[in-house]
Amino acid sequence: MEDPLAGITDDWLRGVVAAGFVPGVRSRVRAALRDLLEEFVAAVRAEPFDPARGARIGAELVDLRMSAPPVLGTTVALFAGRLPAAIAGADGEQGRARTLGPGGEQGRARSLGADGEQARARVLALLETLTTGFVAAQRDAALRAAEQMNRAEKIHWRGVQLDLQQRLQRALLHRPDTGLPNEQHLRKHLAETIAVRSGERLGLCLISLDRYDEVTDTLGPENGVRLLAEVARRLRPLGFLAHLADDRFAILLAGTSGVDDVVKVADRAIRLLAQDAAVTVGVVERAAAGTDPDTWLHDARLALRWAGHDERGRGVGVFEVGRAEEDRRRHRLAAALPAALAAGEFTLQYQPLVRLADGAVIGVEALARWRRLEPRQFIAMAERTGVIHELGRSLLEQAGRAGAARADLRMSVNVSPVQLAAPGLVAAVAGILHRTGMPAERLQLEITETAAVIEHRAVLDRLAALGLRLALDDFGTGYSSLAELASLPFAEVKLAAEFLTAHGEVLRHVVGLCHALGVTVTAEGIESGEQARALREAGCDHGQGYLFGRPRAGLP
Ligand code: C2E
Ligand code: CA
2 MEDPLAGITD
12 DWLRGVVAAG
22 FVPGVRSRVR
32 AALRDLLEEF
42 VAAVRAEPFD
52 PARGARIGAE
62 LVDLRMSAPP
72 VLGTTVALFA
82 GRLPAAIAGA
92 DGEQGRARTL
102 GPGGEQGRAR
112 SLGADGEQAR
122 ARVLALLETL
132 TTGFVAAQRD
142 AALRAAEQMN
152 RAEKIHWRGV
162 QLDLQQRLQR
172 ALLHRPDTGL
182 PNEQHLRKHL
192 AETIAVRSGE
202 RLGLCLISLD
212 RYDEVTDTLG
222 PENGVRLLAE
232 VARRLRPLGF
242 LAHLADDRFA
252 ILLAGTSGVD
262 DVVKVADRAI
272 RLLAQDAAVT
282 VGVVERAAAG
292 TDPDTWLHDA
302 RLALRWAGHD
312 ERGRGVGVFE
322 VGRAEEDRRR
332 HRLAAALPAA
342 LAAGEFTLQY
352 QPLVRLADGA
362 VIGVEALARW
372 RRLEPRQFIA
382 MAERTGVIHE
392 LGRSLLEQAG
402 RAGAARADLR
412 MSVNVSPVQL
422 AAPGLVAAVA
432 GILHRTGMPA
442 ERLQLEITET
452 AAVIEHRAVL
462 DRLAALGLRL
472 ALDDFGTGYS
482 SLAELASLPF
492 AEVKLAAEFL
502 TAHGEVLRHV
512 VGLCHALGVT
522 VTAEGIESGE
532 QARALREAGC
542 DHGQGYLFGR
552 PRAGLP
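In terms of this note's numbering, the sequence shown is residues 2 to 557.
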């Protein structure tokens, strides 16, 4: 792997030489800089983190007589600009290589993630102490020399120090590529604005360039930088403009009178950049009093994530307190799933499946329950977070145990299409049948009709080969045609409740086709006797719904 730090030492050496400092052999200077860089990187990574180590490195720079202000300017700009990404990149690659193996390459993130943000904060804290250490060491050296200085020399020296401080400020608070205020600067500016304009309202637009990585990958990094400069030029008139990360800009507006003011600015930004780049914008607007920069930036990031799903317009997300709370609640619940599973909080209720001809209960559908959330919601969360695999197995095991003892009932269990995609499902089902003593022919797996089902033909065939029944759940809500159905090993179709409103002729037709394919039909969501009669007349085999019984903890 290429050493991401080597380039920084080279650039640093170039800066040192350009500043007119060449006291020794270049290779020796390079080695010294390399050592200092490594010490700096070690200090960034050290736990506990100690920013004071920066001061010592600053003093060492003075000892090495690399104390001309331009040198420090270069050092700070390089460290602040490139080091966080290099550190995050190196750590991230190792981490990914460990977890993903050879395939990890494609997932490499160019923008800084959480690790990168932490690296950036640590680099900046170290740079602040490095520069104070640097200035202090220089002052000591100057004091020692001062006895020999004349008045003109002293004035010159003061000038040098002031210049140095200004350069430092600039380097610490601005992006090296666009020269715009960086995130730290924006935070400072926000804090000041909140203090000074506490009676006003403020607005913040967080702007993200879509597919910036693609630009740099296909057109080269120079074009990436050119694009950023163009974006900076166009956005500058809109407000206080900051450049937070490669593809992230922010505009702070003071004295706004409502969220619409800020949305207007966001729309203008989108229009102004339309030629060069597609962008997504997160918008926050509120009274300044009692707020802090962290909250502003956090909420703007959240709004940015909502962008594109907002009815106010494509590409703009507007922060709302209620929605943020809902997001937080969902995150907490999603994070709680594994522990809830381990604690046995997921249970099953059973709803009767009834033969329409005579009303006899021929089986039950097992439906998952969790006291903290609706089934549809926690199932979707479990699918998103991957918990569904273990949850699905646990539910199937519960259903198997309950059903094994009841030779008169079919046990119909829901299986998420997500589960079909994971290896090991067939073996897990076989294991559960074996362990629980549930005969395969009394187990039915209900698989929701989605576009993905047809891609899992092989898994479906292997499940059917275990001797169990497969039911296509929620049929009629969209994807597959009866022709596709014919080629898959489904023994049953469950008509979605929406079908209950279908015309009798349509119903008869669909049921007839299913029967012609050798597939039985169950209608879901039957609430009235009238619905049950219509279905019976259409030839539908089985029914399920509140008319026959609600889901309950015990078997009927
Ligand atoms: P589904 O598979 O379509 O299940 C039928 C839903 O209709 C159940 O909702 C049931 O309580 C409800 N229902 C039954 N009869 C009537 C009726 O007469 N009227 C009305 N309005 N509703 C009726 P539930 O239990 O809230 O489950 C919702 C969905 O969550 C299920 O839809 C299924 O997609 C999913 N789900 C539930 N349990 C599991 C599970 O163990 N695994 C998986 N993968 N998904 C599950
Ligand atoms: Ca179902």
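For glycine and all other residues, C-beta sits at the position ideal for the given N, C-alpha and C.
Since the structure is predicted, the reported quantities are computational estimates derived from the model, not experimental observations.
The beta carbon of VAL430 sits closer than 6 Å to none of the beta carbons in its chain outside the five residues before and after it. Segment contact: the segment 494-503 against the segment 458-466, fewer than three CB-CB distances shorter than 8 Å; contact not assigned. The C-beta of GLY8 has fewer than 16 other C-beta atoms within 10 Å across all chains shown, which makes the residue exposed.
In the structure shown, the three-state DSSP call for THR386 is helix. Three or more Cβ pairs closer than 8 Å define a contact, and the segment 420-427 falls short of that threshold against the segment 358-378. With a cut-off of 8 Å on Cβ pairs, the segment 225-240 is not in contact with the segment 281-294, counting fewer than three such pairs.
The Cβ atoms of ALA243 and LEU191 lie no closer than 7 Å to each other.
Relative to ligand 2, even the nearest heavy atom lies 6 Å or more away from the CB of ASP218.
In this structure, DSSP gives GLU184 a helical state, which the three-state scheme calls helix.
For GLU506, the enclosing alpha helix (DSSP H) has its first and last residue at 505-517.
For PRO552, the Cβ falls inside the 6 Å cut-off from some heavy atom of ligand 1. Taking C-beta atoms as the reference points, VAL512 and VAL522 count as a pair closer than 7 Å.
Rounded to whole angstroms, the Cβ separation of ALA56 and THR130 is 5 Å, and the two are in contact under 8 Å.
DSSP places GLY477 in the coil class of the three-state scheme, outside both helix and strand.
A straight line joining the alpha-carbon of ALA406 with that of PRO440 spans about 10 Å. For the pair ALA301 and LEU205, the CB atoms are nearer than the 7 Å cut-off.
For LEU125, same chain residues with a beta-carbon under 8 Å away, outside a window of 5 residues either side, are ALA81, LEU173, GLN185 in chain order.
Looking at the DSSP output, ASN415 shares a beta bridge with GLU447. Contact annotation: ALA341 and VAL319 have beta-carbon atoms that are not nearer than 7 Å.
Contact check between the segment 438-453 and the segment 370-389: fewer than three CB pairs, one atom from each, fall below 8 Å, which does not count as touching.
About 7 Å separates the beta carbons of ARG551 and GLN352, which is inside the 8 Å limit, making them a contact pair. For GLY74, the closest C-alpha among the options ARG15, ALA89, VAL30, ASP36 is that of ARG15. The shortest C-alpha to C-alpha distance from GLU61 to any of ALA33, ASP293, ARG27 is the one to ALA33. Annotation for SER417 indicates a beta carbon within 6 Å of some heavy atom of ligand 1. In this structure, ASP247 has its CB at a distance of at least 6 Å from all heavy atoms of ligand 2. A check of alpha carbon separations from ALA361 across PRO418, PRO557, VAL520 identifies PRO557 as the nearest. From the listed residues ILE527, GLY555, ARG553, the smallest Cα separation to GLY544 is found for ILE527.
When only Cα atoms are considered, GLY134 and ARG330 end up about 46 Å apart. The Cβ atoms of ALA290 and THR194 lie no closer than 7 Å to each other. Membership of HIS435 in the alpha helix (DSSP H) is indicated by the continuous run 426-437. Here VAL30 is buried, its C-beta having at least 16 other C-beta atoms within 10 Å. Annotated three-state conformation of PHE50 is coil, per DSSP. Secondary structure at GLU375: coil, using DSSP grouped into helix, strand and coil. DSSP links GLY283 through a beta bridge to LEU207, GLY318. In this structure, DSSP gives PRO440 a state outside helix and strand, which the three-state scheme calls coil. Of the residues LEU334, LEU338, LEU357, the one whose Cα lies closest to the Cα of GLU531 is LEU357.
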